[in-house]
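Take a look at the structure set out below.
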Amino acid sequence: MKRFSIFGLLIFWSLAIWSCRDSNRKLPYIGQHDVNEKGDSVFHTIPDFKFVNQDGDTLTQEAFKGKIYIADFFFTSCPTICPVMKTQMLRIYEKFKDNPELGILSHTIDPRHDSVVVLKAYKEKLGVNTNQWQFVTGEQEKIYEIAQKSYMVSAMEDKEAVDEGGFVHSGAFVLVDKNRNIRGVYDGTKEKEVNRLIKDIELLLQK
Amino acid sequence: MSFCFKNSLVLLCLFATACASEEKVKYEQYVISGAEIYKKNCSNCHGLDGSGLRNLYPPIKGSTYLQDKNKLVCIIKNGLEGPINVAGKTYNQKMPAAKGLYDLDIAQLITFLNDKWGSSKKIVEVGDVAGVGCE
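Chains as they are written, first to last, in this note's numbering: chain F, 1 to 207; chain G, 208 to 342.
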């Protein structure tokens, strides 16, 4: 009898663990939290933005309304980590292809070289033929500002960084939810980290 | 007398085999070092498996560029620009020069490329690299 109840307890215990495993997992809110006048906490939010995409069209936050999206920073002539980042981003793109609730936003940090035409060619060569993944350029200052202040990743020009192609930037993928809050930051050069990101996207999409 | 003869023969044989395997050991070492150099300097774009990335970066695996050692040396030293054709597809994207590689590194790298994706299993010596004139 006693053994039986221990056995039952074990089952109950493993069920409990199992049930709080994935679907009940919660993603954190990343960045500074503030409290508004009503006393609710407000999370760090990506502000409005305005860039130009690979088709020469203006692209704003409206393009990602009602979607979660992943943001990253790169440049097309980058000799180091960008090709790896793009290989990993392609995995995400393929996995969530045609899912209207997921977008991808890649900003160039070398707008002088990466014109609309260059971005368009780059996108085509990557085999990305939908609007789901947008490549944008714009004023360099604006791009660096939103990278550093809003997405909280490093991106800047550094002529000394010759081996890196004249720019230093992080290989981060930033996961942004439908309310424009940051819910995760992942190393886009590492397959394992991107696996974790894919899981987190699935979690966010369920909600 | 015959004892001495026999013994020196054995010794000779021993030397011969030792030499043969020394060559082999050197080849193996070149392949292993070359793989490291590839991983660090080339795999970002051309992929760890040498298959490139879509229409952006051409594959090394199965590329005819492996057959021309001199050209290969120059591509590694100077980079490459302008439209090219690899395995029936056109590519046109700038490849930067691999700065900071010594001739020995390049010799090891090419030995590895040939071993893994080419048809030649012959070692590429430093001299083979140093002798190549690129414009």
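Here a beta-carbon is modelled for each residue, glycine too, at the ideal position from N, C-alpha and C.
For the beta strand (DSSP E) containing leucine 105 of chain F, list its first residue and its last residue. For the purposes of this step, residue 105 of chain F is taken as residue 105 along the first sequence, with counting starting at 1. Start and end: 102-108.
Using only CA atoms, which one of G/Gly289, G/Val333 and G/Ile267 lies nearest to histidine 253 of chain G? As a position in the second sequence, residue 253 of chain G is number 46, starting the count at 1. Of the candidates G/Gly289, G/Val333 and G/Ile267, the one whose C-alpha sits nearest the C-alpha of histidine 253 of chain G is G/Ile267.
Let me check understanding here. Comparing Cα to Cα, which of F/Ile46, F/Gln54, F/Asn195 and F/Cys78 lies closest to valine 117 of chain F? Taking the first residue of the first sequence as position 1, residue 117 of chain F is located at position 117. By alpha-carbon distance to valine 117 of chain F, the top candidate from F/Ile46, F/Gln54, F/Asn195 and F/Cys78 is F/Gln54.
Once you ignore the five residues that flank glycine 171 of chain F on each side, which residues in its own chain have a CB closer than 7 Å to its CB? Counting from one through the first sequence, the residue named residue 171 of chain F turns up at place 171. Cβ-Cβ distances below 7 Å link glycine 171 of chain F to Ile81, Met85, Asp187, Gly188 and Thr189 in the same chain, with the five nearest sequence neighbours on each side left out; the list follows chain order.
Integer Cβ distance of leucine 175 of chain F from isoleucine 104 of chain F, believed to fall under 8 Å: Numbered from 1 along the first sequence, position 175 holds the residue referred to as residue 175 of chain F. Numbered from 1 along the first sequence, position 104 holds the residue referred to as residue 104 of chain F. Their Cβ separation, rounded to whole angstroms, is 11 Å, which puts leucine 175 of chain F and isoleucine 104 of chain F out of contact at 8 Å.
What distance in whole Å lies between the Cβ atoms of threonine 297 of chain G and tyrosine 237 of chain G, which are believed to be in contact at a cut-off of 8 Å? Residue 237 of chain G sits at position 30 when you count from the first residue of the second sequence. Residue 297 of chain G sits at position 90 when you count from the first residue of the second sequence. Going by Cβ atoms, the distance from tyrosine 237 of chain G to threonine 297 of chain G rounds to 33 Å, so no, they are not a contact pair.
Serine 41 of chain F bridges to which residues according to DSSP? By one-based count along the first sequence, residue 41 of chain F stands at place 41. Answer is F/Val35, bridged to serine 41 of chain F.
To the nearest angstrom, how far is the alpha carbon of alanine 147 of chain F from that of phenylalanine 173 of chain F? Locating residue 147 of chain F in the first sequence gives position 147, counting from the first residue. Locating residue 173 of chain F in the first sequence gives position 173, counting from the first residue. Near 11 Å, if we compare the C-alpha coordinates of phenylalanine 173 of chain F and alanine 147 of chain F.
Work out the CA separation of alanine 304 of chain G and leucine 311 of chain G for me, nearest whole Å. Residue numbering aside, residue 311 of chain G sits at position 104 when the second sequence is read from its first letter. Residue numbering aside, residue 304 of chain G sits at position 97 when the second sequence is read from its first letter. Answer to the nearest angstrom: the Cα atoms are 16 Å apart.
Are phenylalanine 167 of chain F and isoleucine 109 of chain F closer than 9 Å when you measure CB to CB? In the first sequence, residue 167 of chain F corresponds to position 167, counting from 1. In the first sequence, residue 109 of chain F corresponds to position 109, counting from 1. In this structure, isoleucine 109 of chain F lies closer than 9 Å to phenylalanine 167 of chain F by Cβ.
Residue-chain proximity (serine 115 of chain F, chain G), Cβ-Cβ < 9 Å: For the purposes of this step, residue 115 of chain F is identified with residue 115 of the first sequence, where counting begins at 1. No, serine 115 of chain F does not count as interfacial toward chain G.
Interface partners of lysine 301 of chain G on chain F, CB under 8 Å: Translated into positions along the second sequence, residue 301 of chain G becomes position 94. Residues of chain F passing the Cβ test: Ser77.
Note down, in chain order, each residue of its chain lying with its Cβ closer than 7 Å to the Cβ of lysine 215 of chain F, except the 5 sequence neighbours on either side. Nothing about residue 215 of chain F can be read from this structure; chain F reaches only from 1 to 207.
Rounded to whole angstroms, what is the Cα-Cα separation between serine 258 of chain G and glycine 269 of chain G? The residue given as residue 258 of chain G occupies position 51 in the second sequence. The residue given as residue 269 of chain G occupies position 62 in the second sequence. In this structure, the alpha-carbon of serine 258 of chain G lies about 9 Å from that of glycine 269 of chain G.
Would proline 111 of chain F pass as an interface residue toward chain G - the criterion being a Cβ-Cβ separation below 9 Å? Translated into the one-based positions of the first sequence, residue 111 of chain F becomes position 111. At a cut-off of 9 Å between C-beta atoms, proline 111 of chain F does not count as an interface residue with respect to chain G.
Sort out for me which residues DSSP pairs glutamate 157 of chain F with in a bridge. Walking along the first sequence from the start, residue 157 of chain F turns up at place 157. Bridge partners of glutamate 157 of chain F: F/Phe167.
Under a Cβ-count criterion, where at least 16 other Cβ atoms within 10 Å of its own Cβ denotes burial, should glycine 39 of chain F be classed as buried or exposed? Your numbering for residue 39 of chain F matches position 39 in the first sequence. Sixteen is the threshold: since fewer than 16 other Cβ atoms of the shown chains lie within 10 Å of the Cβ of glycine 39 of chain F, the residue is exposed.
Please name the residue, chosen from F/Tyr151, F/Cys78 and F/Phe49, that lies closest to phenylalanine 43 of chain F on a Cα-to-Cα basis. If you number the first sequence from 1, residue 43 of chain F lands on position 43. Phenylalanine 43 of chain F has its Cα closest to that of F/Tyr151, out of F/Tyr151, F/Cys78 and F/Phe49.
Just verifying my parser: in three-state terms, what is the DSSP assignment at methionine 85 of chain F? If you number the first sequence from 1, residue 85 of chain F lands on position 85. Methionine 85 of chain F falls in the helix class under three-state DSSP.
Pick from G/Lys247, G/Glu342 and G/Leu316: whose alpha carbon is nearest that of isoleucine 330 of chain G? Counting from one through the second sequence, the residue named residue 330 of chain G turns up at place 123. Considering only alpha carbons, the answer is G/Leu316.
Rounded to whole angstroms, how far is the Cβ of phenylalanine 135 of chain F from the Cβ of serine 106 of chain F, which I believe are closer than 8 Å? Locating residue 135 of chain F in the first sequence gives position 135, where the first residue counts as 1. Locating residue 106 of chain F in the first sequence gives position 106, where the first residue counts as 1. Correct: roughly 5 Å between the Cβ atoms.
Extent of the continuous beta strand (DSSP E) run through leucine 255 of chain G: Taking the second sequence and counting its residues from 1, the one referred to as residue 255 of chain G is at position 48. Annotation: leucine 255 of chain G is outside any beta strand (DSSP E) and is labelled neither H nor E by DSSP.
So if DSSP puts glycine 127 of chain F in a beta bridge, which residue, or which two residues, is it bridged to? The residue given as residue 127 of chain F occupies position 127 in the first sequence. In the DSSP assignment, no residue is bridged to glycine 127 of chain F.
Please return the same chain residues whose Cβ sits closer than 6 Å to the Cβ of glycine 241 of chain G, not counting the five positions on each side in sequence. Taking the first residue of the second sequence as 1, we reach residue 241 of chain G at position 34. Residues of the same chain with a CB within less than 6 Å of the CB of glycine 241 of chain G, apart from the 5 flanking positions on each side, are Gln315, Leu316, Thr318 and Phe319 in chain order.
Looking at the C-beta of leucine 287 of chain G, does it have a partner C-beta in chain F at a distance below 9 Å? Mapped onto the second sequence, residue 287 of chain G falls at position 80. Interface residue (Cβ-Cβ distance to chain F less than 9 Å): leucine 287 of chain G is not classified as such.
Could you name the residues that DSSP lists as bridge partners for glycine 184 of chain F? Mapped onto the first sequence, residue 184 of chain F falls at position 184. In DSSP, glycine 184 of chain F forms a bridge with F/Leu175.
Where aspartate 57 of chain F falls: helix, strand or coil (DSSP): In the first sequence, residue 57 of chain F corresponds to position 57, counting from 1. Looking at aspartate 57 of chain F - three-state DSSP - the assignment turns out to be coil, as it is neither helix nor strand.
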